[in-house]
Amino acid sequence: SVRDGKFEFKVLGVERGATSKDGGFGTTDTAKGEYFTVKLQVTNIGDDARTLFASNQKLIINGNKYEATSHITDDGWKEDINPGLGSTTTATFDIPPGAVPTAIECHDSAFSGGALLAL
57 SVRDGKFEFK VLGVERGATS KDGGFGTTDT AKGEYFTVKL QVTNIGDDAR TLFASNQKLI
117 INGNKYEATS HITDDGWKED INPGLGSTTT ATFDIPPGAV PTAIECHDSA FSGGALLAL
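Add 56 to a position in the sequence shown, counting from 1, and you land on the number used in the working numbering.
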């Protein structure tokens, strides 16, 4: 596991290959390449409630950073986590077919330095 800011992150697994997914509200999202989903355990190690945003997480492929293209959970693009509590969540990325991600750069916020977790 790694820490960035007031969050601790741990990769629980990955899934690849889907080309479409539920976009919410009865819609379907279609990948430009293929979807790659990272399942994370995120724990708030701070003293205040914190919000985890999908858009702050980056997938690393050949040194390039890919932004999350989907919800951080099935309920929306962000998740509030109270102090001392954790959540199992996912971040999904649209990547070139067959690309091999090497790491995910986990961020407490858009302005944090980030911490790398190997995949």
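Heads up, the beta-carbon is just placed ideally off N, CA and C, and yes, glycines get one too.
Which same chain residues, not among the five before or five after Thr-158, have their C-beta less than 6 angstroms away from its C-beta?
Cβ neighbours of Thr-158 within its own chain (closer than 6 angstroms, five residues either side excluded): Ile-116.
I'd like the span of the beta strand (DSSP E) that includes Gly-169, first residue to last.
Counting along the chain, Gly-169 falls outside any beta strand (DSSP E), and DSSP gives it neither H nor E.
As a quick exercise: from Cys-162, Ala-174, Gly-169, Thr-107, pick the residue whose alpha carbon is nearest that of Phe-65.
Out of Cys-162, Ala-174, Gly-169, Thr-107, the CA that lies nearest to the CA of Phe-65 is found in Cys-162.
Excluding the five sequence neighbours on either side, which residues of its own chain have a C-beta within less than 6 angstroms of the C-beta of Glu-71, listed in chain order?
So the qualifying residues of the chain are Thr-93.
Would you check if the distance between the CB atom of Ala-171 and the CB atom of Ala-147 is smaller than 7 angstroms?
Not a contact, by the Cβ cut-off of 7 angstroms.
With a 10 Å radius around its C-beta and 16 neighbouring C-beta atoms as the bar for buried, classify Arg-106 as buried or exposed.
Under this definition Arg-106 is a buried residue.
Starting from the C-beta of Gly-89, find all residues in its chain whose C-beta is less than 7 angstroms away, skip the five residues before and the five after it, and write them out in chain order.
Within the same chain, Gly-89 has close Cβ partners Asp-150, Ile-151, Pro-152, Pro-153.
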